[in-house]
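First comes the structure, then the notes that go with it.
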Ligand SMILES: Cc1ncc(COP(=O)(O)O)c(C=O)c1O
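Numbering (the numbering used here), first residue to last: 41 to 354.
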């Protein structure tokens, strides 16, 4: 991805090439670093860029900073201003990915809880078509990290070594995306996304106690299935072999958006094509995040503020 012009570090915009930290920071040495990946979507008609569910992401980041026992925890308001200012400074008028990192700076040791620095970066990130996203899933031989050791609820950079091992493992075997099982052997989630399964038209997903990140997109799916499709999601433990008999499977997350899995462990999911429900979910999701559908205007934070947020249905 092309680098942006500016990155915000501790509230100051700096040219991207100068956004550096010391190799001795606890962030680098021990992974003392929590982050968020967020997207903003361009709406042609409104000539506006909308950040999707910014508040929810920032609240989760604050929860992460609390679990990390950081000395200081930035407010949602302050971080919102920093995100909007960074996008505006880079003058993006198209879909973008936003990254916030709250890390332990300075030269402390493993137990350092400050000084805490905040970084905000933005990169162009146009959404791919559903067909281009279709991927081959496989259950990873690496189990998901556990709440009593490396809590998956905490979006901490160090946790992603688990995702990385799983990704490299399944890619080495010719698949694209890992599906992790919990230590107890139930389905958890993907490397950077939650897993949704459809069986006999019923959407099903693992509970938040099954080694998953409490995903904003998963929550959006709960709302969408209930309000748009009249089928509330069933939240329950999922067995590995259920994946083999599912009609549709897809990964969902801010970065992945909606990613259909057309095979799992080499077996076709349903008929091996992108499913009808997955397709509808993607279309609705794209409408909601972009504001071409009027639902939940408060989920879309306008960056430039020049146009009405969403027109009411007439
Ligand atoms: C491990 C993991 N699970 C799920 C998700 C999806 O979370 P969200 O929908 O909040 O982006 C992510 C994304 O960051 C993730 O890294």
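We put the CB at the ideal spot given by N, CA and C, even for glycine.
Fair warning: this is a prediction, and the values are worked out from it, not measured in the lab.
In the structure shown, residue 188 adopts coil according to DSSP, grouped into three states.
In the DSSP assignment, residue 266 falls within the alpha helix (DSSP H) that extends over 256–267.
For the stretch 93–138, the full-length alpha helix (DSSP H) segments reaching 4 residues or more read 94–107 and 116–130 along the chain. For residue 224, the number of other beta carbons within 10 angstroms of its own is below 16, and it is reported as exposed. Using a 10 angstroms sphere on the CB of residue 307, the tally of other CB atoms stays under 16, which defines it as exposed. Annotation: the continuous beta strand (DSSP E) that includes residue 83 extends over 73–83.
Of the heavy atoms belonging to ligand 1, at least one sits nearer than 7 Å to the Cβ of residue 258.
Distance from the CA atom of residue 298 to the CA atom of residue 334, rounded to whole angstroms, is 20 Å. Taking C-beta atoms under 8 Å as the contact rule, residue 315 and residue 287 qualify, at a distance of about 6 Å. Taking each of 59, 121, 327 and 212 in turn and checking the Cα distance to residue 343, the smallest one comes out for 121. Per DSSP, the continuous alpha helix (DSSP H) segment holding residue 67 begins and ends at 66–70. The C-beta separation of residue 278 from residue 237 comes to about 6 Å, placing the pair in contact by the 8 Å criterion.
Residue 51 places its beta carbon 8 Å or farther from that of residue 74. Residue range 316–330 is occupied by the alpha helix (DSSP H) that includes residue 323. In the DSSP assignment, the residues bridged to residue 303 are 176 and 308. Here residue 136 is near residue 165, since their CB atoms are less than 8 Å apart. Of the residues 59, 132 and 142, the one whose Cα lies closest to the Cα of residue 116 is 142.
DSSP, reduced to helix, strand and coil, places residue 46 within a strand of the structure shown.
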